[in-house]
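Worksheet: one structure, shown below.
In structure tokens, the structure reads:
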């Protein structure tokens, strides 16, 4: 009943499962209690309720250790899967290795169960970038999965082997051909089994291999296939990857317009997914914190239970006489001291968990910054390979926007307070970076600034940084066109309404097509959109005798 309810009502399913465990314990039906706990742990892990899955797995480990040692490996394996799902890959590998040792020590385990545990080990080693260990465990899993007629498991083995062969250095025709064979097998198995998500990723990997083999047309067909599968399975991340793969395939075929079209569609989709992915990462971080806190609380609870049992025993001894009472009183005194120590230990554990949460949040900002820098580097690489200067300039503009966002995450990674960004420091570094990247030997533009120590939250800081990026970049490109020198000044002031930002130059002056209030250009449309997000207005006034001043101010 509990198992069938999980697809409809998770809380009700958990209550039914817990009732089954309690009834089985009352009857000393240890196999029944273990089976109910295992079903609860597995279903909670599949429903992404990792805290509950960890708790049921811990209960299962304790029960099987005492009553059913041959079943303990199942719960140890579930602990490993929960750790991996909460991004603690190293802990997950420790649990899975322990489960493998426990499983190897007993007979009668089904071939499919042995193969799947080996496959989980292979997945973990792939996440840790250990190709030899990945191949070792995947190859050991294959005969077990064949014996069990587990087509999905076999497809996963083929995918892992193909991925490893494709990454082998130095790249050779032989390794790429081996990768293509394995990935084609994986794709066929996944599609036959109706596993759209796995099939989409296999098709993407195969498209990359075909590109490396110098077969862009075949790579294009594989990427189109991956795109159809990703859309059918409603997998936007894979859809974005498939669009990027199509863009690269068209670029290899010397079709820049199609490449640019798919690249723009991919970037638009990734932009829409960016905040959603950040929210998902923060949710996973919270779950990981809850799982670790649960482990610490379990240890403190075990100490408390032992202390309570000792106190109960002491109370019985109290009835033995005055001498015994004095002795027990002394014992109680020391036990109370021990309880106090245990409480201090629990508080210290909670403090450590909170501190670790802060560190993990900083790590997320660090990884987001690194990922944005990687995207910027990829855009630079792509721009260097394009013959069209217009396309190169568009990619360069995208790079500066990405670097502006990455700088916010860099500040948050270094900051003590993760909820605030000092705008004078952030914009100071941003302007220095823009000045270095936009200055050419033919122009000597003097960039000055006057920035109040204004504080904003990360979302507002990122939006205002993009506004400054667009206005300053626009000034360099248009205000000083065909001029050897000029002056550009950026002002940020704190006001009662919020902020007042001005970017003023002594250049050629504004034209209708460059007016931020009327323009159809992407960059200045972005300024208007971001200003609305900041609840601000955009205005343009002449900066006499020459030049322009653009003001963005809170309303």
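Residue numbers (the numbering used here): 11 to 565.
Think of the CB as a built atom: it goes at the ideal place given N, C-alpha and C, for glycine as much as any other residue.
Computed from a predicted model, the values in this text were never measured in an experiment.
By the DSSP assignment, the alpha helix (DSSP H) with residue i in it spans what residues?
i, result
"residue 544", "No alpha helix (DSSP H) holds residue 544; DSSP gives it neither H nor E."
"residue 148", "141-157"
"residue 490", "Neither: residue 490 is in no alpha helix (DSSP H) and is coded neither H nor E."
"residue 191", "183-203"
"residue 433", "433-448"
"residue 39", "Taken as a continuous stretch (DSSP letters only), residue 39 belongs to no alpha helix (DSSP H), as it is neither H nor E."
"residue 165", "161-177"
"residue 215", "206-222"
Among the options, which has the Cα closest to the Cα of residue i?
i, options, result
"residue 187", "46, 126, 220 and 484", "220"
"residue 242", "117, 208, 193 and 258", "208"
"residue 469", "545, 160, 169 and 512", "545"
"residue 512", "502, 519 and 518", "502"
"residue 179", "205, 198, 169 and 222", "222"
"residue 154", "174, 127, 141 and 134", "127"
"residue 441", "212, 482 and 34", "482"
"residue 429", "446, 487 and 465", "465"
"residue 494", "518, 475, 478 and 506", "518"
"residue 398", "137, 535, 246 and 265", "265"
"residue 50", "23, 269 and 475", "23"
Does DSSP put residue i in a helix, in a strand, or in coil?
i, result
"residue 458", "strand"
"residue 280", "helix"
"residue 558", "strand"
"residue 250", "helix"
"residue 228", "helix"
"residue 95", "helix"
"residue 453", "coil"
"residue 4", "Outside the shown range of the chain (11 to 565) lies residue 4, about which nothing can therefore be said."
"residue 552", "strand"
"residue 133", "helix"
"residue 64", "helix"
"residue 466", "strand"
"residue 78", "coil"
"residue 43", "helix"
"residue 354", "helix"
"residue 472", "helix"
"residue 563", "strand"
Just the Cα atoms here: how many angstroms apart are residue i and residue j?
i, j, result
"residue 148", "residue 158", "15 angstroms"
"residue 123", "residue 88", "13 angstroms"
"residue 52", "residue 176", "33 angstroms"
"residue 100", "residue 216", "29 angstroms"
"residue 412", "residue 443", "12 angstroms"
"residue 95", "residue 131", "14 angstroms"
"residue 408", "residue 58", "36 angstroms"
"residue 485", "residue 172", "50 angstroms"
"residue 566", "residue 196", "Here the chain has residues from 11 to 565 only, and residue 566 is not among them."
"residue 452", "residue 496", "12 angstroms"
"residue 166", "residue 272", "29 angstroms"
"residue 30", "residue 433", "57 angstroms"
"residue 62", "residue 47", "11 angstroms"
"residue 562", "residue 191", "57 angstroms"
"residue 560", "residue 183", "57 angstroms"
"residue 141", "residue 134", "10 angstroms"
"residue 193", "residue 212", "6 angstroms"
"residue 500", "residue 253", "38 angstroms"
"residue 556", "residue 516", "5 angstroms"
"residue 41", "residue 84", "13 angstroms"
"residue 492", "residue 479", "21 angstroms"
"residue 446", "residue 86", "54 angstroms"
"residue 34", "residue 90", "26 angstroms"
"residue 236", "residue 245", "11 angstroms"
"residue 498", "residue 564", "22 angstroms"
"residue 120", "residue 151", "12 angstroms"
Use the C-beta contact count for residue i: other C-beta atoms within 10 angstroms, 16 or more gives buried, fewer gives exposed.
i, result
"residue 144", "buried"
"residue 81", "buried"
"residue 558", "buried"
"residue 230", "buried"
"residue 278", "exposed"
"residue 110", "buried"
"residue 202", "exposed"
"residue 226", "buried"
"residue 55", "buried"
"residue 116", "exposed"
"residue 92", "buried"
"residue 138", "exposed"
"residue 505", "exposed"
Taking the continuous beta strand (DSSP E) assigned at residue i, which residues delimit it?
i, result
"residue 502", "495-504"
"residue 513", "509-515"
Taking 8 angstroms as the threshold (beta carbon to beta carbon), is residue i in contact with chain B?
i, result
"residue 247", "Among the chains in the structure shown there is no chain B, since it carries only a single protein chain."
Does the beta carbon of residue i fall short of 7 angstroms from some heavy atom of the ligand SAH?
i, result
"residue 195", "Questions concerning the ligand SAH fall outside what the structure shown contains, since it holds no ligand whatsoever."
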